[in-house]
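Inspection log for the structure reproduced underneath, given as structure tokens.
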């Protein structure tokens, strides 16, 4: 059984259609592959401007875009799914479960990706 424990959920205005359980930015769009994410959508958005609750701290159920091992560091793909982290990319979370195929849903421990420049 999968569960999620959101410590903080905020609302984002969708920049276009969105699918639930995917990573998004604060602009309400999917991040670039390996880019920073704000959180995970809880619901779908049909059109631009729809308000979507987004888990930003804690754990969340996220769709995998590839095979993922338990405890593997994760990044976003271009469709907002989680995939294994590769060198030089931004980590967004850690797998709390395994995905045996693209499309599987797994619990992810979210890691804030705020990047502060000095």
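Numbering (my numbering), first residue to last: -4 to 113.
Just so it is clear, CB atoms sit at the ideal spot from N, CA and C, and this is done for glycine as well.
* Asked: If you draw a straight line from the alpha carbon of residue 53 to that of residue 92, how long is it in whole angstroms?
  -> Annotation: residue 53 to residue 92 spans about 15 Å, alpha carbon to alpha carbon.
* Asked: If residue 98 sits next to residue 77, beta carbons under 8 Å apart, how far is it from one beta carbon to the other, in whole angstroms?
  -> About 12 Å separates the two Cβ atoms, so there is no contact after all.
* Use the C-beta contact count for residue 66: other C-beta atoms within 10 angstroms, 16 or more gives buried, fewer gives exposed. => Around the C-beta of residue 66, fewer than 16 other C-beta atoms lie within 10 Å, and the residue is accordingly described as exposed.
* To do: Alpha carbon to alpha carbon, how far is residue 41 from residue 104? Give it in angstroms, no decimals.
  => The C-alpha of residue 104 lies about 27 Å from the C-alpha of residue 41.
* Leaving out five residues before and five after residue 23 in sequence, what residues of the same chain have Cβ atoms less than 6 Å from its Cβ? -> Excluding sequence positions up to five before and after residue 23, its CB lies within less than 6 Å of the CB of 7, 8, 9, 10, all in the same chain and listed in chain order.
* DSSP state of residue 111, grouped into three classes? -> Residue confidence for residue 111 is low, a pLDDT of 47 falling below 50, so the modelled location carries little weight and cannot support an answer.
* **Whole-angstrom distance between residue 82 and residue 17, CA atom to CA atom** => Distance between the alpha carbons of residue 17 and residue 82 is about 22 Å.
* Around the C-beta of residue 88, are 16 or more other C-beta atoms found within 10 angstroms, so that it is buried, or is it exposed? -> Buried, because 16 or more other Cβ atoms sit within 10 Å of the Cβ of residue 88.
* **Per-residue burial, residue 2 [other beta carbons within 10 Å of its own, 16 or more giving buried]** => With fewer than 16 other beta carbons inside 10 angstroms of its own, residue 2 counts as exposed.
* Asked: Can you tell which of 44, 35, 49 has the C-alpha that lies nearest to the C-alpha of residue 71?
  -> Taking the Cα of residue 71 as reference, the smallest distance to any Cα among 44, 35, 49 is reached at 35.
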